[in-house]
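Using this note's numbering, read the sequence shown as starting at 894 and increasing by one per residue. Cβ coordinates follow ideal geometry from the N, Cα and C atoms, glycine included. Here is the structure we will look at.
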Amino acid sequence: MSSWNRRGWTRSSPTWDGADMTPVIRAIRLDLLALRPYRRTLALIPVLAVGVSLYQGDPRVAPAMLLAYLVFGLNYPFALADRFGLDILYAGLGLRRRDVVAARYLTAAVAVLIAGAVGMLLSIVQSAVTGRDLDLSGLLLVTAAVQAGVGVVVGVQFPFYLKFGYMRSKLLSFIPLLLVPVALPVLGSLLPEGALATLERVAAVATASSSAAVAVLLVLAVAALAGSYAVGLRLYTAKDL
């Protein structure tokens, strides 16, 4: 940051007061600062993913495990908000509830993309070191499938956390996921024939091409997060802090 005085332009020391950041970025930064004491614990996530992948002997396991463990890491901001009253702090700092919700979802989306890329890189390195064959198109498909799954899980969990807090809803948020195998057949029977035919065509295209399947899976993840964001924002806005 530069300033003007009689000697001309001078560069001041880098300080953070949030004035030059958008509200969403401020909220993300505050979440990251709250996570700083737990960075060593979070750093174990890729270590565990690599360990399980080496134990299984399949390089494709690395991104799947990394993304699976990431779900627990994404819960940390909500747990810390419960423990230290971060919601009240953020409101006192002038952050709107919309900004806090957007920050949590944006962080989750970026983290899922980065974890997928890092997991694929770990798979490639493991394949090169161990000499095991690795189908890159298959690896991309597996990674996209797990990313879509994580998007659905996060999409279900976050509205519960935003409404009830982490401690009160960490078990409750898994109930909808357990009901999915039961709900899908019922939903299929209720859909009109035109909708079913459209879904069948999408499934046929996805299964015919791995790139199309990846695109469909990523669209599913984005749709899950977008719908969840709308619900979570509505619930968090009406919540008494």
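Legend entry - Nearest candidate by alpha-carbon position, reference R1127, set V994, A972 and L935: Residue numbering aside, residue 1127 sits at position 234 when the sequence shown is read from its first letter. When each option's Cα is compared against that of R1127, the closest is V994.
Legend entry - Whole-angstrom distance between G985 and L1034, CA atom to CA atom: The residue labelled residue 1034 in the question sits at position 141 within the sequence shown. The residue labelled residue 985 in the question sits at position 92 within the sequence shown. The alpha-carbon separation between L1034 and G985 amounts to approximately 44 Å.
Inset, instruction - Alpha carbon to alpha carbon, how far is R990 from G1058? Give it in angstroms, no decimals. - result: As a position in the sequence shown, residue 1058 is number 165, starting the count at 1. As a position in the sequence shown, residue 990 is number 97, starting the count at 1. One alpha carbon belongs to G1058, the other to R990, and they sit about 14 Å apart.
Legend entry - Proximity below 8 Å, CB of Q1019 to CB of P952: Position 126 of the sequence shown, counting from 1, holds the residue named residue 1019. Position 59 of the sequence shown, counting from 1, holds the residue named residue 952. Going by C-beta atoms, Q1019 is nearer than 8 Å to P952.
Inset, instruction - Report the residue ranges of all beta strand (DSSP E) runs contained in full by the region 971-998; include only those spanning at least 3 residues, in chain order. - result: Here no run is fully enclosed.
Inset, instruction - Return yes when the Cβ of P939 is within less than 8 Å of the Cβ of L959, no when it is not. - result: Working through the sequence shown from its first residue, we reach residue 959 at position 66. Working through the sequence shown from its first residue, we reach residue 939 at position 46. Contact flag set, yes.
Legend entry - Rounded C-alpha distance that separates D1028 from G944: Counting from 1 along the sequence shown, the entry for residue 1028 is found at position 135. Counting from 1 along the sequence shown, the entry for residue 944 is found at position 51. Distance between the alpha carbons of D1028 and G944 is about 21 Å.
Inset, instruction - Would you identify the three-state DSSP class for G1031, choosing helix, strand or coil? - result: If you number the sequence shown from 1, residue 1031 lands on position 138. Here G1031 sits in helix by DSSP.
Inset, instruction - State the DSSP-derived secondary structure class of A1116, mapped to helix, strand or coil. - result: Within the sequence shown, the letter at position 223 stands for residue 1116. Here A1116 sits in helix by DSSP.
Inset, instruction - Leaving out five residues on either side along the sequence, give the residues of the same chain with a beta carbon under 7 Å from the beta carbon of D975. - result: Here residue 975 refers to the residue found at position 82 of the sequence shown. Only residues of its own chain outside the window of five on either side were considered, and among them G1058, Y1059 and M1060 have a CB closer than 7 Å to the CB of D975, listed in chain order.
Legend entry - Y998 versus Y1122 - alpha carbon distance: As a working note, residue 998 is residue 105 in the sequence shown. As a working note, residue 1122 is residue 229 in the sequence shown. Looking at the two C-alpha atoms, the distance is approximately 7 Å.
Legend entry - Per-residue burial, L1134 [other beta carbons within 10 Å of its own, 16 or more giving buried]: Here residue 1134 corresponds to residue number 241 of the sequence shown, with the count starting at 1. Exposed, by the Cβ-count rule.
Legend entry - Among L988, G1120 and D992, the one whose alpha carbon lies nearest that of G1048: The residue labelled residue 1048 in the question sits at position 155 within the sequence shown. When each option's Cα is compared against that of G1048, the closest is G1120.
Legend entry - Nearest residue (CA-CA) to A1114, options V1046, A1105, K1056 and G1125: Along the sequence shown, one-based indexing puts residue 1114 at 221. Of the listed residues, the one whose Cα sits closest to A1114 is V1046.
Legend entry - Inter-residue Cα distance where the pair is M981 and S1066: For this step, residue 981 is matched to residue 88 along the sequence shown. For this step, residue 1066 is matched to residue 173 along the sequence shown. Reading the sequence as shown, one finds Ile at residue 981 and not Met. Straight-line measurement puts the Cα of S1066 at about 23 Å from the Cα of I981.
Inset, instruction - Throw me the rounded Cβ distance for the V1107 and A1037 pair, which I believe falls under 8 Å. - result: Residue mapping note: residue 1107 aligns to position 214 of the sequence shown, counting from 1. Residue mapping note: residue 1037 aligns to position 144 of the sequence shown, counting from 1. Contact holds; Cβ gap of about 4 Å.
Inset, instruction - Pick helix, strand or coil for D910, following the three-state DSSP scheme. - result: In the sequence shown, residue 910 corresponds to position 17, counting from 1. Residue confidence for D910 is low, a pLDDT of 44 falling below 50, so the modelled location carries little weight; the figure read from the coordinates is stated next. Reduced to three states, the DSSP call for D910 is coil.
Legend entry - Span separating the alpha-carbon of S1104 from that of S1030: One-based indexing of the sequence shown puts residue 1104 at position 211. One-based indexing of the sequence shown puts residue 1030 at position 137. Rounded to whole angstroms, the gap between the alpha carbons of S1104 and S1030 is 8 Å.
Inset, instruction - Please look up how many angstroms separate the CB atoms of A996 and I921, rounded, as I've assumed it's under 8 Å. - result: As a working mapping, residue 996 is identified with position 103 in the sequence shown. As a working mapping, residue 921 is identified with position 28 in the sequence shown. For A996 against I921, the beta-carbon gap comes to about 5 Å, under 8 Å, which counts as contact.
Inset, instruction - Look at the Cβ atom of L967, then the Cβ atom of G1044, and state whether they are nearer than 8 Å. - result: In the sequence shown, counting from the first residue as 1, residue 967 sits at position 74. In the sequence shown, counting from the first residue as 1, residue 1044 sits at position 151. For L967 and G1044, no; Cβs fall outside 8 Å.
Inset, instruction - Mark Y983 as exposed unless 16 or more other C-beta atoms lie within 10 angstroms of its C-beta, in which case mark it buried. - result: Taking the first residue of the sequence shown as 1, we reach residue 983 at position 90. That one is buried.
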